[in-house]
Amino acid sequence: MYSVNYHRAASVADAAKLLKSGDAKLLSGGMTLIPAMKTRLAAPSDLVDLSRIKELQGVKVSGKTVTIGAATTHHDVASNEKLKKACPALAHMASRIGDPAVRYKGTIGGSIANNDPAADYPAALLALDATIVTNKREIAAGKFFTGLFETALKDGEIITAVTFTAPLKAAYEKFRNPASRYAIVGVFVAKGKDGVRVAVTGAGDDGVFRSKEIEAALTKSFTAAALDGVKISAKNLMSDIHASADYRANLVAVMAKRAVAAANA
Amino acid sequence: MNYDAGDYAASLDAAMAAADYAGFAERKAAAAKKGKLRGIGMSNYIEACGLAPSAAVGSLGAGVGLWESAEVRVNAAGTIEVLTGSHSHGQGHETTFAQLVNQRFGVPIDSVSIVHGDTDKVQMGMGTYGSRSGAVGMSAVAKALDKVEAKAKKIAAHLLEADEGDIVIEDGALKVTGTDRQVPWFQMALAAYTAHNLPGGMEPGLKETSFYDPSNFTFPAGCYVCEVEIDPETGVTEIVQFVAADDFGNIINPMIVEGQVHGGVAQGIGQALLEGTRYDASGQLLTASYMDYTMPRADDLPSFKVSTSNTPCPGNPLGIKGCGEAGAIGSPPAVINAITDAIGITDIAMPASPSTVWAAIRATKH
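Line order of the protein sequences matches chains G and W.
Once you know that position 6 of the first sequence is 131 in the working numbering, the rest is easy, because the numbers rise by one and skip nothing.
Once you know that position 131 of the second sequence is 1531 in the working numbering, the rest is easy, because the numbers rise by one and skip nothing.
Rendered as structure tokens:
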């Protein structure tokens, strides 16, 4: 790792100001950035640490509205009692990210800002039709995730929170890469009052995406049986040493079926 | 070289019983009701270990002899240092080699220290591989212990004014058989070094060296039975039962032997299901870290049912066959046979990863 100037931001405004120094990067849990710096794939001049900013912390549930501060760790999302009642699917999903060490450090804001194509949160937020709140504006999840490791965030923009309306039913099922244990395919299904949304992570060659075939079938009947015979095209799916596009297409259907069964359980 | 001794049927019978082979059809039917494909696979292996008679490996073109060396130093206080050419990197020589000395002389196990891997101290040796540390390395120690014992008995016979042939060593003392006359081990050792009262012409001190060259390979053998359940929707293979029944000859430390089998079976299951080195068309290694190379982890493995039978090996003085590689040899074919049995095919490439298994299942439907 090269030497770097470390700044602990006191507030979001302070962080925005510090972010203008040199080639600065925002640091939250550091689960991706620090390894990238250690291997010298990233070499920022300055790090602006968001993890101690109070206003970015914690889960709030108000009626059906859930708001999660950007610097809330996966552990705090997984163990929040109000969230477990309002949207147990998201709490359960967070409880299965990485390993305990990752869950105690990694944050929701860091995960979605990085938009790793195998990360879990992008699928959840897209299926939950969440809104990503920054220090400048609000962005719908459908417009936020724009490609592999790409988001709609502009220079100097800082995610402050994620907010969504709790679904009627939801569940997430993932098939793990046997080596890294990241999702080879993760499917988040959510049935809200405005309809069914299904988002898939790990599989798309351009990152997280909504499966229109599955959404259509589940809109007719929100049951696992409704997905019998639904074929997922392997087109635009990733193919690598762990899973061919055909295999991923199969897993999308299987994980969707299991997620619906879990959501209905 | 000839296969020497082994009770192959005993391993087969033990494995079949532990695996409840007879009850498999019922378990397969129960799995089918859950939508799972259940299969059972067996492998019977025999290997050539205890490397190796030097003349034999020389005739095969080896540039070295495969004997092993040992040195046993009995210090003036009676403590014992064993210097061995067998290196210990997790195999527990510090325990088993000390047990050998304890069993022979009855001295406390913590008065025995094992020295290995230090070329400033240890004479030339040939190392640890081919399940040779027990069969060859410990045989070299045993040979040096023979020499120590012979001299110790001479000293004790002299001190006790008895016939050397009447001296027995037990419980940390040298005793005149059939009497209550004895000299403690440490007192005999001190006498060797004070040299005030040794048999005429005897050199002071008590330190012996040996080189042991085996007369044959050793032939551990066994029977492994693996039972799997495959999820046909995802191709995930779960090992629901794994049985290893081995004939390792005489065993010095059952717990260490069991640990060696566990490690070997984990490695073999890794080879069968998980591990594979992959390159792209340009020669770039794609499995360069554990993010892509699948090492077996605890949650990939079942609890193993392990047992041994113990046909003494006639080729070395301790009757040891060796156990270091058995697990890794017997397990991959057992796992693959279970998978092919579950799917109803005759072959599948290793590693039988979920995607490979899923593709194999799909191919049976076309």
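Where is the CB? At the ideal position from N, CA and C, for every residue including glycine.
Distance between beta carbons of residue j and residue i, contact taken as under 8 Å
| i | j | result |
| --- | --- | --- |
| W/V1735 | W/A1672 | 4 Å |
| G/V333 | G/F274 | About 11 Å; that fails the 8 Å criterion. |
| G/G327 | G/V355 | Their Cβ separation, rounded to whole angstroms, is 19 Å, which puts G/G327 and G/V355 out of contact at 8 Å. |
| W/G1439 | W/I1739 | 6 Å |
| G/V287 | G/I233 | 6 Å |
| W/I1743 | W/G1534 | At roughly 39 Å, the Cβ-Cβ gap does not stay under 8 Å, so W/I1743 and W/G1534 are not in contact. |
| W/P1751 | W/L1674 | 5 Å |
| W/A1769 | W/Q1582 | No statement about residue 1769 of chain W is possible, as the shown extent of chain W runs from 1401 to 1766 and does not include it. |
| W/G1469 | W/G1485 | According to the sequence as given, residue 1469 of chain W is Ser; it is not Gly. Contact flag correct, Cβ pair sits at about 4 Å. |
| G/L152 | G/L172 | 4 Å |
| W/V1625 | W/A1430 | About 18 Å separates the two Cβ atoms, so there is no contact after all. |
| G/I237 | G/Y246 | 5 Å |
| W/L1483 | W/K1521 | 6 Å |
| W/I1569 | W/F1648 | Between W/F1648 and W/I1569 the Cβ distance is about 27 Å, and since that is not below 8 Å, they are no contact. |
| G/V191 | G/A291 | 6 Å |
Minimum C-alpha distance to residue i - residue among the options
| i | options | result |
| --- | --- | --- |
| W/S1539 | W/A1419, W/D1613, W/E1564 | W/D1613 |
| G/R262 | G/I284, G/P292, G/E206, G/A324 | G/I284 |
| G/A161 | G/K179, G/Y127, G/V191 | G/Y127 |
| G/A341 | G/G320, G/V325, G/D330 | G/G320 |
| G/T198 | G/G231, G/S364, G/N260, G/P169 | G/G231 |
| G/L138 | G/D171, G/A350, G/A238, G/E282 | At residue 138 of chain G the sequence reads Ala, which differs from the Leu that was named. Checking every option, the nearest Cα to that of G/A138 belongs to G/E282. |
| G/S369 | W/A1414, W/P1754, W/V1625 | W/P1754 |
| W/K1553 | W/D1546, W/L1545, W/S1707, W/I1567 | W/I1567 |
| W/V1757 | G/G154, G/E180, G/H367 | G/H367 |
| G/A308 | G/K209, G/Y297, G/A315, G/T157 | G/Y297 |
| G/K207 | G/A324, G/K185, G/G329 | G/K185 |
| W/C1723 | W/V1457, W/Q1491, W/A1415 | W/Q1491 |
| W/E1658 | W/H1596, W/K1433, W/V1536, W/S1703 | W/S1703 |
| G/R301 | G/N389, G/R373, G/G155, G/A167 | G/R373 |
| W/A1425 | W/N1710, W/H1766, W/E1627, W/N1716 | W/E1627 |
| W/A1477 | W/D1407, W/E1570, W/N1444, W/P1508 | W/P1508 |
| W/T1618 | W/C1713, W/D1518, W/N1737, W/M1526 | W/C1713 |
| G/S187 | G/D254, G/C212, G/V258 | G/C212 |
| W/G1465 | W/V1536, W/A1763, W/T1479 | W/V1536 |
| W/S1443 | W/G1601, W/Y1421, W/G1622 | W/G1622 |
| G/F289 | G/K299, G/L278, G/I264 | G/I264 |
| W/W1467 | W/G1527, W/A1698, W/G1435 | W/G1527 |
| G/A258 | G/R306, G/A349, G/K279 | According to the sequence shown, residue 258 of chain G is Val rather than Ala. Out of G/R306, G/A349, G/K279, G/K279 has the C-alpha closest to the C-alpha of G/V258. |
| W/K1433 | W/D1631, W/K1547, W/P1717 | W/D1631 |
Host alpha helix (DSSP H) of residue i (start-end)
| i | result |
| --- | --- |
| W/L1483 | From DSSP, W/L1483 is part of no alpha helix (DSSP H) but of the beta strand (DSSP E) over 1480-1484. |
| W/F1497 | 1493-1505 |
| W/T1594 | 1585-1594 |
| W/M1655 | 1654-1669 |
| G/R383 | 370-389 |
| G/G235 | 233-239 |
| G/A359 | G/A359 -> no alpha helix (DSSP H), and no H or E assigned at all. |
| G/A214 | 213-220 |
| G/L250 | 246-252 |
| W/F1424 | 1424-1433 |
| G/L152 | Careful: G/L152 lies outside any alpha helix (DSSP H), inside the beta strand (DSSP E) at 149-152. |
| W/G1730 | 1726-1743 |
| W/G1458 | 1454-1459 |
| G/Y122 | Outside the shown range of chain G, which is 126 to 390, sits residue 122 of chain G, and nothing can be said about it. |
Start and end residues, beta strand (DSSP E) containing residue i
| i | result |
| --- | --- |
| W/S1402 | According to the sequence shown, residue 1402 of chain W is Asn rather than Ser. Segment: none, W/N1402 is in no beta strand (DSSP E) and carries neither H nor E. |
| W/V1536 | Where W/V1536 is concerned, there is no enclosing beta strand (DSSP E), given that its DSSP letter is neither H nor E. |
| G/N130 | 130-133 |
| W/V1512 | 1512-1516 |
Under 7 Å by beta carbon: chain C residues contacting residue i
| i | result |
| --- | --- |
| W/L1674 | Note that chain C does not occur in the displayed structure, where the protein chains are G and W. |
Query raised in the report: Within the chosen definition, does the stretch 1553-1560 of chain W reach the stretch 1586-1598 of chain W through at least 3 CB pairs nearer than 8 Å?
Result: yes
Query - Stretch pair the stretch 1647-1664 of chain W + the stretch 1727-1734 of chain W: three plus CB contacts closer than 8 Å - result: yes
Query raised in the report: Of the residues that make up the stretch 301-312 of chain G, which ones have a beta carbon closer than 7 Å to any beta carbon in chain W?
Result: P303, A304, S305
**Report entry** Chain-ordered residues of the stretch 1613-1647 of chain W with a beta carbon less than 7 Å from chain G
**Finding:** E1633, T1634
Query raised in the report: Should the stretch 1495-1507 of chain W be regarded as contacting the stretch 1629-1644 of chain W, the criterion being three or more beta carbon pairs within less than 8 Å?
Result: no
Query - Members of the stretch 343-364 of chain G near chain W, C-beta cut-off 8 Å - result: none
Query raised in the report: Counting pairs of Cβ atoms below 8 Å between the stretch 1448-1465 of chain W and the stretch 1677-1684 of chain W, do you hit three or more?
Result: no
**Report entry** Members of the stretch 192-208 of chain G near chain W, C-beta cut-off 8 Å
**Finding:** none
Report task. Give, in chain order, every residue of the stretch 1449-1479 of chain W whose Cβ lies closer than 9 Å to some Cβ of chain G. Result -> none
Query raised in the report: For the 8 Å Cβ check, are there 3 or more pairs between the stretch 207-223 of chain G and the stretch 130-145 of chain G?
Result: no
Query - Near-chain G residues of the stretch 1514-1541 of chain W - C-beta to any C-beta below 7 Å - result: none
**Report entry** Positions along the stretch 1726-1760 of chain W whose CB lies within less than 8 Å of some CB in chain G
**Finding:** S1753, P1754, S1755, W1758, A1759
Query raised in the report: Between the stretch 1689-1706 of chain W and chain G, which residues of the former have CB atoms less than 7 Å from a CB of the latter, in chain order?
Result: Y1690, M1691, D1692, Y1693, T1694
Report task. Please list the residues of the stretch 1416-1441 of chain W that have a C-beta atom closer than 8 Å to any C-beta atom in chain G, keeping them in chain order. Result -> none
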